[in-house]
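Engineer:
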Ligand code: MSP
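In the numbering used here, the protein residues as written are 2 to 532.
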C-alpha cells in the first residue's frame, strides 16, 4: 500500500467542452496549471497534473447535430484536431488527459452513482425550471436577466434560457448545506481568492436546493445504471473526472486503487469564476455523500475580456492560442498572460500590450542581457567562462538580491500569485542590466593590466551566474527558451541540474565552461496586421 508521505501534489484544470475549438481563455487556465506544476516539479516535488475534455450534454450534442455527425464522431474530431494539439501549441506538460467518453470514466461514474443510490442519497422527482444549455446549468429565476422583449436570458451567454419540465433523479444536495458551511468556516483557504470564498459562503447561507442529476429528453450522456431511460446530468458526470482519472472506486490493491491513494484528494482545482459554484458546492457535497476526502482548494481565476465581456467563441470574440503563439512563440504566450493579469482578476487582452511587453521585457530586458554577456565572454575570453576574483560591493549586491528574489518568487508562485513571482524575477533582470550599464565591462576591457582583467572576469562571471539562476526561475514559465539559455551559459557542462533547490546559492557555474551565443531568444517581431 502507498504511504501518505508520497502522495502527489494533484492539480487539475477544468475539462473543456468539445463543442468548439479552444480560445485563449481556455489556454489561460491550462498555462497557469502547467506553470504551477512545472514549478513544483523543478523543486523536486511529486506532482500529478490532469486536464481533459467534457464531451457529453446538450451543448455538444446540438453542435454535432448542426454539423450532421454523431456526437462521438464530433468529439473525437475536436479532441484530435483541436484540444490535444493546443497542449503542444502552449507547451503544456500534463501527466494525463481524460475524456468523459472513455470507458474508464463511464464505468467509474456508474459505480459511484450506484453507491450514492444505495446509500439513499438519490431519489426520483419532477424538475421544472429554466436551463441554460451554454452553461449546462439549472438556473434560479434570480440568476437571470431580462431583455427588452421580456425574455429571460442567461447573464453569461446573453441567450434565452429554456424551460425544462421532466421527471428525473435528484441528489440530496440541500442536506449538505450546513456541513459545507462548517467546512469552509474551518478552511477559509479552501476557496480562493477571497472574493470567490465570499461568493460561495453567501450562496451557501442563502440555502441550497436538491440537484437534478439526470436528463430524460436526450441520450448523449452516461446511462443511469438502474434506469436506461435517463442519462447522467453532464456536470455530475464531468466533476467526477477528477476522481475517475485517478482510479475512483477501484480495489485498493489494484493499479487504479493505488493511484487513488497516491493522488486523492486533489490539492487544487483551477477553474474560471463562472464555474466556481459547481466546484465549491456541488462537487464537495458529492464527495461528502460518498465519504471521500475533499479537495484542498478551488482557485477561481478571472476572465479574459474582450470589449468588457468574457471572451467566447459563441460571441465570436474568441482568439485562438495559435494566432498569438505564431507571432511571439509559446514562451512569450505563457509569460504574457500570467505577467499582465493578476491571477484571480479579470483582464483585457490587447495585441498592443502583448507586443509592448514582449519587446521591452523579453527582447530588450532578458534577451539583450543574455546576448550581450555571451558576446563579451566570446570577445574577451574566447568563449570560456572566466573565474571571478574578489567581489566588489556591487557584485555582492547582485548576489544578495538573487537570494531574496529566489525566495520571494517561490513564495509568490506557490501562493498562485504568478504575477508577483514574475515581477520579482523581472526586477532582478532589471538590476543586472543596470549593473552592466554601471560597471561598463567594455571600458574595463580596454585596460590590459591584471587588475582590469580580473575585474572584467568578475563582472562577466556575475552576469553569467545571474543568468543561470534566471534560466531556472523562469523555466516553468518559459521552458523552451530557458532550457536553451541553461545550455548556452554552460550550466550542463558545469554538471548542474536545472532545479529550484539551491537556485539562489552563488557560484555554481564552473569557470572554464563554454559560453555560447545562440540564436536570439526573443527575436524582434513584425507587428500584426490588426495593430
Ligand atoms: N466543461 C465545463 C467544465 C467542467 S469541469 C468539471 C466548462 N467548460 S468550458 O470549456 O466552457 O470552460 C472551461 C474553462 O475555461 C472554465 O474554467 C472557464 O472559466 C474557462 N474560460 C472560458 N472562457 C474564458 C475566458 N474568456 N477567460 C478565462 N477563462 C475562460 O465550463
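All C-beta atoms, glycine included, are put in the ideal place defined by N, C-alpha and C.
Assuming the contact rule is C-beta atoms closer than 8 angstroms, residue 536 and residue 238 should be a hit. Round their C-beta distance to whole Å, please.
Structural biologist: The question about residue 536 has no answer here: the residues shown for the chain are numbered 2 through 532.
Engineer: Under a Cβ-count criterion, where at least 16 other Cβ atoms within 10 Å of its own Cβ denotes burial, should residue 146 be classed as buried or exposed?
Structural biologist: That one is exposed.
Engineer: Using only CA atoms, which one of 425, 217, 77 lies nearest to residue 19?
Structural biologist: The shortest Cα separation from residue 19 among 425, 217, 77 belongs to 77.
Engineer: Quick one: does the C-beta of residue 354 sit closer than 8 angstroms to a heavy atom of the ligand MSP?
Structural biologist: Residue 354: no, Cβ never under 8 angstroms from the ligand MSP.
Engineer: Which class does residue 90 belong to by DSSP, given the choice of helix, strand or coil?
Structural biologist: If DSSP states are grouped into helix, strand and coil, residue 90 belongs with the helices.
Engineer: Out of 114, 169, 88, which has the shortest C-alpha to C-alpha gap to residue 130?
Structural biologist: The candidate whose alpha carbon is nearest that of residue 130 is 169.
Engineer: Nearest to residue 244 by alpha carbon, out of 72, 42, 360, 112?
Structural biologist: Looking at the Cα atoms, 112 is the closest of the given residues.
Engineer: Whose C-beta lies closer than 7 angstroms to the C-beta of residue 252 among residues of the same chain, with five residues either side of it excluded?
Structural biologist: So the list reads 258, once near-sequence residues are dropped.
Engineer: According to DSSP, what are the bridge partners of residue 147?
Structural biologist: Its beta-bridge partners are 153.
Engineer: Out of 276, 213, 164, 108, which has the shortest C-alpha to C-alpha gap to residue 250?
Structural biologist: Comparing Cα positions, the closest option is 108.
Engineer: Enumerated in chain order, which unbroken segments of the alpha helix (DSSP H) with a length of 4 residues or greater are wholly contained in the region 347-417?
Structural biologist: Counting whole runs of 4 or more residues, the region 347-417 contains the alpha helix (DSSP H) stretches 352-358, 369-382, 394-415.
Engineer: Taking all protein chains shown into account, do 16 or more other C-beta atoms lie within 10 angstroms of the C-beta of residue 397, making it buried, or fewer, making it exposed?
Structural biologist: It is exposed - the Cβ of residue 397 has fewer than 16 other Cβ atoms within 10 Å.
Engineer: Can residue 15 be considered in contact with the ligand MSP, in the sense that its beta carbon sits closer than 8 angstroms to one or more heavy atoms?
Structural biologist: The answer is yes for residue 15.
Engineer: Exposed or buried, which one is residue 452 when buried takes at least 16 other CB atoms within 10 Å?
Structural biologist: By the neighbour-count rule (16 or more Cβ atoms within 10 Å), residue 452 is not buried but exposed.
Engineer: CB-CB under 8 angstroms to residue 123, same chain, minus the five flanking residues each way: which ones, in chain order?
Structural biologist: The residues are 114, 117, 170, 171, 172, 173, 214.
Engineer: Starting from residue 166 and walking both ways along the beta strand (DSSP E), at which residues does that stretch end?
Structural biologist: Counting along the chain, the beta strand (DSSP E) containing residue 166 begins and ends at 163-172.
Engineer: I think residue 267 touches residue 297, with their Cβ atoms under 8 angstroms apart; what is that distance to the nearest whole Å?
Structural biologist: Yes, they are in contact, since the Cβ atoms of residue 267 and residue 297 sit about 7 angstroms apart, within 8 angstroms.
Engineer: Assign residue 75 to buried or exposed, taking buried as 16 or more other Cβ atoms, counted over all protein chains shown, within 10 Å of its Cβ.
Structural biologist: It is buried - the Cβ of residue 75 has at least 16 other Cβ atoms within 10 Å.
Engineer: Taking only three categories from DSSP, how would you classify residue 35?
Structural biologist: Residue 35: helix per DSSP, three-state reduction.
Engineer: With hydrogens ignored, establish whether the beta-carbon of residue 313 is closer than 8 angstroms to any heavy atom of the ligand MSP.
Structural biologist: Flag set: Cβ of residue 313 near the ligand MSP.
Engineer: Since residue 225 sits in a beta bridge, which residues does DSSP pair it with?
Structural biologist: The partner list for residue 225 (beta bridge, DSSP) reads 228.
Engineer: Would you report the Cα separation of residue 38 and residue 12, rounded to the nearest angstrom?
Structural biologist: One C-alpha to the other measures close to 7 angstroms.
Engineer: Would the beta-carbon of residue 239 be found less than 8 angstroms away from any heavy atom of the ligand MSP?
Structural biologist: For the ligand MSP, at least one heavy atom lies less than 8 angstroms from the Cβ of residue 239.
Engineer: Mind reading off the beta-carbon distance from residue 386 to residue 462? Whole number of angstroms is fine, and I expect it under 8 angstroms.
Structural biologist: About 7 angstroms separates the two Cβ atoms, so the contact holds.
Engineer: By how many angstroms is the C-alpha of residue 359 removed from the C-alpha of residue 207?
Structural biologist: Their backbone Cα atoms lie some 46 angstroms apart in a straight line.
Engineer: Give the DSSP-derived three-state secondary structure of residue 110 in the structure shown.
Structural biologist: Helix, per DSSP.
Engineer: Got a sec: does the ligand MSP put a non-hydrogen atom nearer than 8 angstroms to the Cβ of residue 475?
Structural biologist: False, no ligand heavy atom lies under 8 angstroms from that Cβ.
Engineer: Can you list, in chain order, the stretches of the alpha helix (DSSP H) that have 4 or more residues and sit fully within the region 191-279?
Structural biologist: Listed in chain order, they are 195-206, 235-240, 242-245, 256-264.
Engineer: Would you say the beta carbon of residue 234 comes nearer than 8 angstroms to a heavy atom of the ligand MSP?
Structural biologist: No; taking the cut-off as 8 angstroms, the Cβ of residue 234 has no heavy atom of the ligand MSP nearer than that.
Engineer: Ignoring anything shorter than 4 residues, give me the alpha helix (DSSP H) runs that lie fully in the region 419-473, in order along the chain.
Structural biologist: As far as the region 419-473 is concerned, its whole alpha helix (DSSP H) runs of at least 4 residues are 419-440, 442-445.
Engineer: Between 524, 523, 515, 10, which lies nearest to residue 260 when the distance is taken from Cα to Cα?
Structural biologist: Out of 524, 523, 515, 10, 10 has the C-alpha closest to the C-alpha of residue 260.
Engineer: Can you find the residues in the same chain that come closer than 7 angstroms, C-beta to C-beta, to residue 95, ignoring five residues on each side of it along the sequence?
Structural biologist: Excluding residues within five positions, the ones whose Cβ falls inside 7 angstroms are 50, 51, 52, 88.
Engineer: Please classify residue 280: is it buried, with 16 or more other beta-carbons within 10 angstroms of its beta-carbon, or exposed?
Structural biologist: Classification of residue 280: buried, given that the 10 Å Cβ count is 16 or more.
Engineer: Leaving out five residues before and five after residue 136 in sequence, what residues of the same chain have Cβ atoms less than 8 angstroms from its Cβ?
Structural biologist: 155, 157, 158, 275.
Engineer: Taking the alpha carbon of residue 103 as the reference point, which residue from 194, 443, 246 has its own alpha carbon closest?
Structural biologist: The option with the nearest alpha carbon to residue 103 is 246.
Engineer: Would you call residue 241 buried or exposed, if buried means 16 or more other Cβ atoms sit within 10 Å of its Cβ?
Structural biologist: Residue 241 is buried by the Cβ-count criterion.
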